[in-house]
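Q:
In our numbering, the protein residues as written are 3 to 309.
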């Protein structure tokens, strides 16, 4: 382990994922103190630069989720201030938070991702942009924020009703992608190592924001009960996406797998450059399966940032 450091833990902020970030940050800060580091907790507000300058930490542990902590904004600020920080840098963060840019970076290199296109939300009220069933989601949100699955039986109307609750009421543009039947898989990468594959089985509906962060709503199968060649493919694709995007430290790649199609049914959905670190989060769970405690994982992320 490195010598004790003064580490500022950035958490909270004002994104839709604020509460999750506070949980992640609190867990990280407690672990850092347990490891002997001096910790300054910062619930990010608009005065974050002044608070960081006053704290003058050796390292910033970025425990923010969503914008502006995951989209390059905070990374640019920290770069300007000359502060070292955990997780990915500015350019990687800008690309990975944007699902369209991520496709443009990965698909030409052979990483399988769903097709689809960006549409104006108002277009959905005139007709379907692609054949049902399909998924619409914000271009640059995480944690399944603002996702809707539009099915063939007209669950939102045909066409979608203007007054029906959905992401089209909150976002001017949405990404429409074909719905991939099958199973939800995820793989964490730490440094140059894929940690494992977890299958997520929501007990009701699908793996939305509530299912991710409410205890008891989703069963985690770690390691996933899937064929070895599918697990190997998940790990290889997660490592390749981590490398191609230029991720640092820890990332997590989410997949859908149509188990009736074998490896041809495996599609990467997105790469999370700042995965959750809550008690229900997937990266700590995969690390734990490999014998790493939560504190070990936090220290490993710190060590990666110092390299």
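We put the beta carbon where it would ideally sit given N, CA and C, even for glycine.
In the DSSP assignment, find the unbroken beta strand (DSSP E) run with residue 296 in it and report its ends.
A: In the chain shown, residue 296 corresponds to position 294, counting from 1. No beta strand (DSSP E) holds residue 296; the alpha helix (DSSP H) holding it covers 296 to 308.
Q: Please name the residue, chosen from 6, 72, 14, 47, that lies closest to residue 252 on a Cα-to-Cα basis.
A: Here residue 252 corresponds to residue number 250 of the chain shown, with the count starting at 1. The candidate whose alpha carbon is nearest that of residue 252 is 72.
Q: Relative to the alpha-carbon of residue 79, which residue among 117, 233, 12 has its alpha-carbon at the smallest distance?
A: For this step, residue 79 is matched to residue 77 along the chain shown. It is 12.
Q: Examine the Cβ distances between the stretch 88 to 105 and the stretch 34 to 48 and report whether three or more of them are shorter than 8 angstroms.
A: Judged by Cβ distances under 8 angstroms, the stretch 88 to 105 makes no contact with the stretch 34 to 48, as fewer than three pairs qualify.
Q: Exposed or buried, which one is residue 277 when buried takes at least 16 other CB atoms within 10 Å?
A: Walking along the chain shown from the start, residue 277 turns up at place 275. Answer is buried; the Cβ neighbour count reaches 16.
Q: Assign residue 83 to buried or exposed, taking buried as 16 or more other Cβ atoms, counted over all protein chains shown, within 10 Å of its Cβ.
A: Numbered from 1 along the chain shown, position 81 holds the residue referred to as residue 83. Counting Cβ neighbours within 10 Å, residue 83 comes out exposed, since fewer than 16 surround it.
Q: Quick check on DSSP: helix, strand or coil for residue 310?
A: Residue numbering for the chain in the displayed model covers 3 to 309; residue 310 lies beyond these limits and cannot be assessed.
Q: Spatial neighbours of residue 60 within its chain, please: C-beta separation below 7 angstroms, excluding the five flanking residues on both sides.
A: For the purposes of this step, residue 60 is taken as residue 58 along the chain shown, with counting starting at 1. Result list for residue 60: 7, 8, 9, in chain order.
Q: Alpha carbon to alpha carbon, how far is residue 56 from residue 284? Give it in angstroms, no decimals.
A: Your numbering for residue 284 matches position 282 in the chain shown. Your numbering for residue 56 matches position 54 in the chain shown. The alpha-carbon atoms of residue 284 and residue 56 are separated by roughly 34 angstroms.
Q: Measure the C-alpha to C-alpha separation of residue 139 and residue 76 and round it to an integer number of angstroms.
A: Stepping through the chain shown from its first residue, residue 139 is reached at position 137. Stepping through the chain shown from its first residue, residue 76 is reached at position 74. Answer to the nearest angstrom: the Cα atoms are 24 angstroms apart.
Q: Would you mind sorting residue 229 into buried or exposed? The rule is 16 or more other CB atoms within 10 Å of its CB.
A: Start at 1 with the first residue of the chain shown, and residue 229 comes out as number 227. That one is exposed.
Q: Cutting at 7 angstroms between CB atoms, please list the residues of its own chain near residue 159, excluding the five before and the five after it.
A: Start at 1 with the first residue of the chain shown, and residue 159 comes out as number 157. The residues are 166.
Q: Rounded to the nearest angstrom, what separates residue 231 and residue 74 at their Cα positions?
A: Here residue 231 is taken as the residue at index 229 of the chain shown, counted from 1. Here residue 74 is taken as the residue at index 72 of the chain shown, counted from 1. Going by the C-alpha atoms only, they are around 35 angstroms apart.
Q: Is the number of C-beta pairs between the stretch 178 to 185 and the stretch 255 to 272 that are closer than 8 angstroms three or more?
A: Because the criterion of three Cβ pairs below 8 angstroms is met, the stretch 178 to 185 and the stretch 255 to 272 touch.
Q: Let me know the secondary structure DSSP gives residue 50 once reduced to three states.
A: On the chain shown, position 48 is the one that residue 50 refers to. Residue 50: helix per DSSP, three-state reduction.
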